[in-house]
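Undergrad: First, the structure itself, so that you have it in front of you.
In this note's numbering, the protein residues as written are 659 to 780.
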């Protein structure tokens, strides 16, 4: 099991913390088995704002993944399909629980110099 750092847009970070987004969708999956994720909130926040525990990892064709997760997707169907356009397989980290840090933290607090394009193992 391992921990990764993900860049997530502010609108989706809020949905994660208010429990309306229970899946974090990804086009690329970490090779190692991920059990926790540190959340880097991207522009304009540009800070590490919390963490989440991963309940499961789902790997399915986009249409099947949407059918399984849409009720707690925290994203519109149009944005989902646009994100996975051209992909035969889509991935989702199912969120078990999320914790918002009381104080936002810098990337260098985690030994990271630049925000990840996809993810970084930490």
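Heads up, the beta-carbon is just placed ideally off N, CA and C, and yes, glycines get one too.
Here the structure is a predicted model, which is why all the values come from computation and not from measurement.
(1) Please state whether the Cβ-Cβ distance between residue 704 and residue 757 is less than 8 angstroms.
(2) Rank 730, 729, 724 and 766 by C-alpha distance to the C-alpha of residue 742 and give the top, closest one.
(3) Could you pull out every unbroken beta strand (DSSP E) segment of at least 3 residues lying fully inside the segment 662–714, listed in chain order?
(4) Measure from the C-beta of residue 756 to each C-beta in chain B and report whether the shortest distance is under 8 angstroms.
(5) Return the first residue and the last residue of the beta strand (DSSP E) that residue 753 is part of.
(6) Here's the rule I'm using: 16 or more other beta-carbon atoms within 10 Å means buried, otherwise exposed. How should residue 721 be labelled?
(7) Measure the C-alpha to C-alpha separation of residue 691 and residue 682 and round it to an integer number of angstroms.
(8) State yes or no: is the C-beta of residue 663 within less than 8 angstroms of the C-beta of residue 774?
(9) Give the secondary structure of residue 745 by DSSP, where H, G and I count as helix, E and B as strand, and everything else as coil.
(10) Looking only at its own chain, which residues have a Cβ that is under 6 angstroms from the Cβ of residue 674, when we skip the five neighbours before and after it?
TA: Put simply:
(1) no
(2) 724
(3) 681–684 and 692–699
(4) Chain labels in this structure do not include chain B; a single protein chain is all it has.
(5) 748–763
(6) exposed
(7) 15 angstroms
(8) yes
(9) coil
(10) 756
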